[in-house]
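Since the structure comes first, as structure tokens, the remarks are kept for the end.
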Amino acid sequence: MLTLTRSVGESIRIGEDIEVYVVEVRGGTVRLGFKAPREVTIHREEVYKQIAEAQSLAAEVAADALGALSAFAPGPDRSTSK
Numbered sequence: 001m002l003t004l005t006r007s008v009g010e011s012i013r014i015g016e017d018i019e020v021y022v023v024e025v026r027g028g029t030v031r032l033g034f035k036a037p038r039e040v041t042i043h044r045e046e047v048y049k050q051i052a053e054a055q056s057l058a059a060e061v062a063a064d065a066l067g068a069l070s071a072f073a074p075g076p077d078r079s080t081s082k
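Its first residue numbered 1, the sequence shown is counted upward by one per residue in the numbering used here.
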């Protein structure tokens, strides 16, 4: 992990497209501002974990649904062997 020290009003760059600003420091809280292209998503860690969990559950449901639907799909005649 890289650790940097920045003061209010200073920033850091991530690659060429992302800039992180220190907006405010009050007590044990730091407010950050982000400049990034629209296609870059930025989430708080707890929100990111919720999204990842929801996507994982959705993928499981989709796989289960496909498996259930495959029983009804026409396919090769299973009564003959090769």
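We put the beta carbon where it would ideally sit given N, CA and C, even for glycine.
Note that this is a predicted model, so its numbers are computed, not measured.
So residue i packs on residue j, CB below 8 Å; how close in whole Å?
| i | j | result |
| --- | --- | --- |
| residue 6 | residue 22 | 5 Å |
Taking the straight line between their C-alpha atoms, what separation do you get for residue i and residue j?
| i | j | result |
| --- | --- | --- |
| residue 38 | residue 72 | 42 Å |
| residue 49 | residue 56 | 10 Å |
| residue 54 | residue 12 | 31 Å |
| residue 68 | residue 74 | 13 Å |
| residue 60 | residue 47 | 20 Å |
| residue 26 | residue 34 | 18 Å |
| residue 10 | residue 51 | 31 Å |
Comparing C-alpha positions only, which one of the options sits nearest to residue i?
| i | options | result |
| --- | --- | --- |
| residue 41 | 1, 4, 17 | 17 |
| residue 24 | 8, 14, 15 | 8 |
| residue 19 | 26, 32, 46, 27 | 32 |
| residue 83 | 28, 46, 15, 2 | Only positions 1 to 82 of the chain appear in this structure, which leaves residue 83 out of reach. |
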